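Residue numbers (this note's numbering), protein chains in the order written: chain A, 47 to 600; chain B, 47 to 600. Each remark here refers to the structure printed beneath this line.
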């Protein structure tokens with residue numbers, strides 16, 4: 047008798063539910079529901095373009111709807127009945143903290159805070175806390191340098207403590223009335239399980255470790271002495287937080303009768319601890335030691351795991367290194383590039399003023415070009431550099447233009463630039479003892495753009511494959527659900543059985559590898575010079591001074 | 047009674063004749079005739095894209111036609127009769143040497159050489175002699191370093207001795223049968239005057255000084271000991287060359303009865319010594335000490351003069367410094383940018399795939415942008431750098447791109463880049479004691495593109511004006527003709543009377559000047575680093591290695 051697992055995937059604009067066969071990963075039911083509020087699900091403020099919030103009520107309103115729809119499809123397509131479902135897993139965006147009261151209710155439900163956007167969910171891409179982030183980085187550098195070594199050396203404005211501190215400053219009354227701040231990845235499982243108080247909420251180590259400086263080796267979340275230096279009220283909040291965050295092989299609880307009824311599922315179903323979309327996406331793509339999972343979209347998220355021998359060192363410039371954040375028993379490593387698809391889109395849309403059809407045409411033309419033949423070389427920094435320079439204040443660069451340079455050559459140079467950026471991340475991680483033997487890609491670009499995949503194979507000099515599932519995040523959540531439901535004793539066999547890659551493998555062409563090796567040497571020279579890594583700071587200063595001038599005259 | 051002068055202007059694709067009132071420069075008759083042979087007047091070879099020749103017969107066939115047409119118009123418009131014309135001046139492209147026999151006949155007229163392209167005129171943009179040029183530079187560096195100091199430090203493949211030597215190598219029989227090699231600027235006046243032997247041809251100092259390493263201070267053309275080191279046959283040719291080259295205040299001779307009949311002009315008319323188009327163009331634009339004349343087209347030619355006090359030093363990286371090459375009694379200084387209009391055209395045509403209308407639109411959009419606000423900065427080296435780096439093997443660069451960068455911002459950054467290139471030339475020349483107080487521009491871009499002019503005014507921090515005449519080269523030739531015909535005792539009053547600028551002056555806006563001063567500092571850092579001027583050669587090596595790789599894989 048086949049059993050099924052339910053994966054629930056909270057994205058930036060919509061929530062997806064996926065019903066998956068626990069034996070083989072077959073996806074038999076799927077639904078998507080878009081958040082009804084704001085602009086494409088995001089609450090914005092005209093006075094502050096850094097602000098991006100979401101309605102927790104949207105999350106819950108859509109939940110029953112999306113699960114019911116997916117179950118209906120699973121029943122129609124594969125005869126799946128409610129009792130065939132054995133577990134639920136959840137992944138979400140993050141860091142997306144939600145202020146809640148002592149009954150786990152979002153603060154925005156209280157009448158006096160209903161019009162206060164600070165009482166809603168602070169979406170991952172909210173950047174209002176940029177000043178607080180900089181001050182947290184500065185204090186940690188002085189007082190707790192080890193905090194920063196696990197998160198690339200810089201604490202981000204997108205992250206948990208910066209957001210909480212910013213709320214404390216701009217809405218002290220709200221902050222005072224708030225009992226706890228729950229990451230969306232923890233909030234949803236807690237809701238499903240009917241958890242009544244914040245103290246009982248199981249926190250996932252993924253959000254805690256990557257965004258809230260949680261590490262069990264230093265006693266969990268940052269210590270109160272450190273937080274008190276930011277603000278004593280943060281330290282008092284910290285005292286109310288449970289000190290253990292768990293990996294996805296733990297249960298957040300069991301499905302409450304109320305939510306069982308709402309979803310049309312048996313009550314008491316096991317609900318796995320939540321995690322971030324990218325991390326469960328890596329699970330759905332078959333992550334394991336030696337495999338890099340690249341989730342490629344407008345930007346990329348790179349996820350790897352290393353056996354937890356205690357030997358994984360700090361890796362300078364890598365966004366996050368967290369025990370158990372991807373797979374229990376392994377160290378999860380997260381890196382990323384600030385812009386990949388966005389750069390190609392920028393060139394096609396802004397510069398060439400074309401659309402999808404032009405991108406297809408340019409791809410076909412660029413495919414006929416030989417590596418190195420254009421004489422062009424670019425830096426992929428149009429949106430800054432996330433890994434390994436961790437500097438959003440960097441910009442793009444292109445060199446080698448002649449009077450004969452074509453737009454297809456420029457387009458290809460931009461593809462190559464992002465591949466060189468990807469290689470820089472891999473090289474940095476390998477320098478610190480984590481080997482990468484193959485790459486599994488997820489996302490539309492990987493599925494649609496063969497030139498992109500071949501260039502990456504040639505530049506990275508590693509076989510490139512594409513995840514079999516087009517919904518790796520939801521599939522990863524379903525794998526966590528299968529584990530919670532007891533379909534597997536450990537996650538490794540679940541991944542082996544439920545994930546896979548497509549048949550087509552992009553293998554490096556030795557002729558191209560040799561040329562790209564030379565081009566990469568030049569890329570690295572530009573990277574280090576303009577990124578401020580090299581001895582002389584002259585070139586880096588040019589890039590920075592241009593930005594200073596731009597801000598001054600704008 | 048008004049008198050008139052005839053200017054004859056041999057361009058790359060056509061010849062122009064202009065009838066000018068000697069009292070005020072009024073242009074009363076004008077005609078253009080395109081050379082009939084080859085591709086747009088140029089003889090090409092499918093096996094060698096460096097080759098560019100012209101038919102001397104084209105030059106003569108078009109001559110009677112164009113002069114008669116201009117005279118007809120002058121008669122119709124201003125009642126000009128043949129006897130009202132008092133002199134003729136000639137400007138041509140160059141270095142464009144023509145091999146001739148002992149009767150001054152082009153070698154291509156001899157039956158055995160009729161199919162040999164080496165027996166035709168070697169057009170200025172013929173680059174077949176690139177190896178010979180490099181060897182001439184190398185030998186001069188070792189043996190006669192002062193030769194190079196007057197021509198920017200590098201002898202070009204476009205120039206006289208490189209072309210002759212190449213011919214000697216690839217067509218030794220032809221070279222042996224050739225009595226002399228005449229620059230087009232000297233050949234045309236000699237033809238008009240019926241000069242019977244090469245020894246009697248008056249050579250102009252403009253071509254001799256800028257292209258053939260002629261300098262009266264070292265005895266004229268290069269010495270035979272030097273040339274013999276290249277090839278003894280070049281030394282023997284040198285022995286047949288008269289040792290004095292003259293400025294345009296000298297006469298090449300008097301119009302022969304045959305050509306007088308052909309042109310419809312009185313015989314015995316004075317014909318001035320010829321000069322290059324850019325140099326007589328500067329005359330037609332009103333060049334004088336303190337004034338830089340910029341002839342702006344696909345590339346630019348910058349012409350200045352300095353009083354001949356013997357104090358004008360060598361200026362490193364400046365193409366040519368020749369006594370009398372522009373004005374008698376002054377040192378002529380020639381500089382230039384390898385690509386100006388060509389860069390804008392490349393961006394509009396190759397990258398944006400638009401036409402003139404798009405360029406107009408981009409110009410309008412770019413005009414609304416503030417200096418510095420795009421954060422972009424470019425190097426104007428898409429076609430190498432003529433002055434001050436004298437390196438055709440350089441390429442373009444752009445830095446500062448974001449995901450929001452627009453094509454109008456890129457277009458403006460390219461305009462600015464060429465202005466920064468122009469400022470670099472001015473700064474270099476001023477460092478050596480030649481002051482530039484104002485700039486007079488010629489060419490379609492200056493006349494049509496107000497944004498271009500304002501950016502140049504702001505970057506150069508000098509008033510920018512536009513030559514009154516749209517045909518400054520032909521007007522300059524006519525001024526030489528007026529001088530030869532005795533309308534003026536010296537050239538200065540002729541220029542004062544016959545040239546002028548348009549009323550519109552582009553004045554620097556102090557607010558923009560301040561911003562561009564900062565941007566130029568960054569430009570200079572990139573310029574020196576990638577141009578190999580700065581201490582470290584790292585960045586320059588990146589640019590060079592990309593070209594090496596490009597050539598290798600192509």
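Ideal Cβ placement from N, Cα and C applies to all residues, glycine included. Fair warning: this is a prediction, and the values are worked out from it, not measured in the lab.
Would you mind telling me which residues of chain B sit closer than 7 Å to residue 428 of chain A, beta carbon to beta carbon, in chain order?
The count along the first chain starts at 1 and reaches residue 428 of chain A at position 382. Going along chain B in sequence order, the residues near residue 428 of chain A (Cβ under 7 Å) are 447, 448 and 449.
Tell me where the beta strand (DSSP E) around residue 485 of chain A begins and ends.
The residue labelled residue 485 of chain A in the question sits at position 439 within the first chain. Taken as a continuous stretch (DSSP letters only), the beta strand (DSSP E) holding residue 485 of chain A covers 484-488.
If you follow the beta strand (DSSP E) that residue 347 of chain A is in, where does it begin and where does it stop?
Residue 347 of chain A sits at position 301 when you count from the first residue of the first chain. 346-353 is the extent of the beta strand (DSSP E) around residue 347 of chain A.
Mind checking if residue 397 of chain B is an interface residue toward chain A, Cβ cutoff 9 Å exclusive?
Translated into positions along the second chain, residue 397 of chain B becomes position 351. Chain A, which has a Cβ nearer than 9 Å to the Cβ of residue 397 of chain B, makes this yes.
Run through DSSP, which three-state label would residue 102 of chain A get?
The residue you call residue 102 of chain A lines up with position 56 of the first chain. DSSP places residue 102 of chain A in helix when its eight states are reduced to three.
Distance CB(residue 448 of chain B)-CB(residue 428 of chain A) smaller than 9 Å:
Counting from one through the second chain, the residue named residue 448 of chain B turns up at place 402. Counting from one through the first chain, the residue named residue 428 of chain A turns up at place 382. It is a contact, given that the beta carbons lie within the stated cut-off.
Go to residue 65 of chain A, then tell me how far its alpha helix (DSSP H) extends in each direction, as first and last residue.
Along the first chain, one-based indexing puts residue 65 of chain A at 19. From DSSP, residue 65 of chain A is part of no alpha helix (DSSP H) but of the beta strand (DSSP E) over 60-67.
For the segment 219-239 of chain B against the segment 304-320 of chain B, are there 3 or more C-beta pairs whose distance is under 8 Å?
yes
Taking the alpha-carbon of residue 508 of chain A as reference, which of A/243, A/465 and A/575 has the nearest alpha-carbon?
Against the first chain, residue 508 of chain A aligns to sequence position 462. Answer by Cα proximity: A/465.
Complete runs of the beta strand (DSSP E) confined to the segment 298-341 of chain A [at least 3 residues]
316-318
Coarse secondary structure for residue 506 of chain A, derived from DSSP in three states:
Position 460 of the first chain, counting from 1, holds the residue named residue 506 of chain A. Helix.
Does DSSP classify residue 185 of chain B as helix, strand or coil?
Along the second chain, read from residue 1 onward, the residue named residue 185 of chain B stands at position 139. Helix at residue 185 of chain B.
If we call anything under 9 Å between Cβ atoms a contact, is residue 543 of chain B one with residue 75 of chain B?
Here residue 543 of chain B refers to the residue found at position 497 when the second chain is read from its first residue. Here residue 75 of chain B refers to the residue found at position 29 when the second chain is read from its first residue. Against a cut-off of 9 Å, the Cβ pair of residue 75 of chain B and residue 543 of chain B comes out as no contact.
Inside the segment 76-141 of chain A only - alpha helix (DSSP H) runs reaching at least 4 residues:
102-124
Once you ignore the five residues that flank residue 239 of chain A on each side, which residues in its own chain have a CB closer than 7 Å to its CB?
On the first chain, residue 239 of chain A is found 193 positions in, with the first residue counted as 1. Only 298, 299, 300, 301, 302 and 317 meet the Cβ criterion.
Are residue 491 of chain B and residue 387 of chain B touching if we call contact CB-CB under 9 Å?
For this step, residue 491 of chain B is matched to residue 445 along the second chain. For this step, residue 387 of chain B is matched to residue 341 along the second chain. The beta carbons of residue 491 of chain B and residue 387 of chain B sit closer together than 9 Å.
So residue 134 of chain A packs on residue 54 of chain A, CB below 8 Å; how close in whole Å?
Numbered from 1 along the first chain, position 88 holds the residue referred to as residue 134 of chain A. Numbered from 1 along the first chain, position 8 holds the residue referred to as residue 54 of chain A. That pair is a contact at about 7 Å.
I want to verify the contact list: residues of chain E whose CB lies under 8 Å from the CB of residue 439 of chain A, in sequence order.
Any reference to chain E falls outside this structure, whose protein chains are A and B.
First and last residue of the beta strand (DSSP E) that includes residue 294 of chain A?
On the first chain, residue 294 of chain A is found 248 positions in, with the first residue counted as 1. Here residue 294 of chain A belongs to no beta strand (DSSP E), and DSSP marks it neither H nor E.
For chain A, check one thing: does any of its Cβ atoms lie closer than 9 Å to the Cβ of residue 389 of chain B?
Position 343 of the second chain holds residue 389 of chain B. Yes, residue 389 of chain B counts as interfacial toward chain A.
Name, please, each residue of chain B whose Cβ falls closer than 8 Å to the Cβ of residue 417 of chain A.
Residue mapping note: residue 417 of chain A aligns to position 371 of the first chain, counting from 1. Those are 599, listed as they occur along chain B.
Roughly how many angstroms separate the alpha carbons of residue 281 of chain B and residue 272 of chain B, rounded to a whole number?
The count along the second chain starts at 1 and reaches residue 281 of chain B at position 235. The count along the second chain starts at 1 and reaches residue 272 of chain B at position 226. Roughly 8 Å separates the two Cα atoms.
Note down, in chain order, every chain A residue with its Cβ under 9 Å from the Cβ of residue 190 of chain B.
Residue mapping note: residue 190 of chain B aligns to position 144 of the second chain, counting from 1. By Cβ distance, chain A contributes nothing, its closest Cβ being about 34 Å from residue 190 of chain B, past 9 Å.
Just to confirm, is the Cβ distance from residue 524 of chain A to residue 51 of chain A under 9 Å?
Position 478 of the first chain, counting from 1, holds the residue named residue 524 of chain A. Position 5 of the first chain, counting from 1, holds the residue named residue 51 of chain A. Yes, Cβ-Cβ distance for residue 524 of chain A and residue 51 of chain A is below 9 Å.
Through-space distance from residue 473 of chain A to residue 510 of chain A, alpha-carbon basis:
The count along the first chain starts at 1 and reaches residue 510 of chain A at position 464. The count along the first chain starts at 1 and reaches residue 473 of chain A at position 427. Answer to the nearest angstrom: the Cα atoms are 16 Å apart.
Where does residue 150 of chain A fall in DSSP's three states?
If you number the first chain from 1, residue 150 of chain A lands on position 104. Note: residue 150 of chain A maps to coil in three-state DSSP.
Quick one: Cα of residue 25 of chain B to Cα of residue 587 of chain B, how far?
Examination of residue 25 of chain B is not possible in this model, given that chain B is present from 47 through 600 alone.
Own chain residues within Cβ distance below 7 Å of residue 589 of chain B, not counting five before or after:
As a working note, residue 589 of chain B is residue 543 in the second chain. The answer, listed in chain order, is 440, 441 and 576.
Return the Cβ separation of residue 552 of chain A and residue 585 of chain A in integer angstroms, given the expectation that the two are a contact with Cβ distance under 8 Å.
Position 506 of the first chain, counted from the start, is the residue given in the question as residue 552 of chain A. Position 539 of the first chain, counted from the start, is the residue given in the question as residue 585 of chain A. Not a contact, Cβ separation roughly 34 Å.
Quick one: what's residue 424 of chain A bridged to in DSSP?
Sequence index remark: in the first chain, residue 424 of chain A carries index 378 (1-based). Its beta-bridge partners are A/444.
Given that residue 564 of chain A touches chain B, what residues does it touch there, using C-beta distances under 7 Å?
As a first step, residue 564 of chain A must be located in the first chain, where it is residue number 518. The answer, in chain order, is 595.
In the DSSP assignment, what are the bridge partners of residue 249 of chain A?
As a first step, residue 249 of chain A must be located in the first chain, where it is residue number 203. Per DSSP, A/291.
Relative to the C-alpha of residue 157 of chain A, which candidate in A/185, A/188, A/220 and A/63 has its C-alpha closest?
Here residue 157 of chain A is taken as the residue at index 111 of the first chain, counted from 1. Residue 157 of chain A has its Cα closest to that of A/220, out of A/185, A/188, A/220 and A/63.
Within the 9 Å Cβ cut-off, does residue 421 of chain A reach chain B?
For the purposes of this step, residue 421 of chain A is identified with residue 375 of the first chain, where counting begins at 1. Yes, because at least one Cβ of chain B sits closer than 9 Å to the Cβ of residue 421 of chain A.
Between residue 198 of chain A and residue 433 of chain A, which are expected to be in contact by the criterion C-beta below 8 Å, what is the C-beta distance as a whole number of angstroms?
The residue you call residue 198 of chain A lines up with position 152 of the first chain. The residue you call residue 433 of chain A lines up with position 387 of the first chain. That belief holds up - the Cβ atoms of residue 198 of chain A and residue 433 of chain A are roughly 7 Å apart, short of 8 Å.
If I measure Cβ to Cβ from residue 294 of chain A and keep anything under 6 Å in the same chain, skipping five residues before and after, which residues do I get?
Looking up residue 294 of chain A in the first chain gives position 248. Same-chain partners within the cutoff: 318, 319, 321 and 526.
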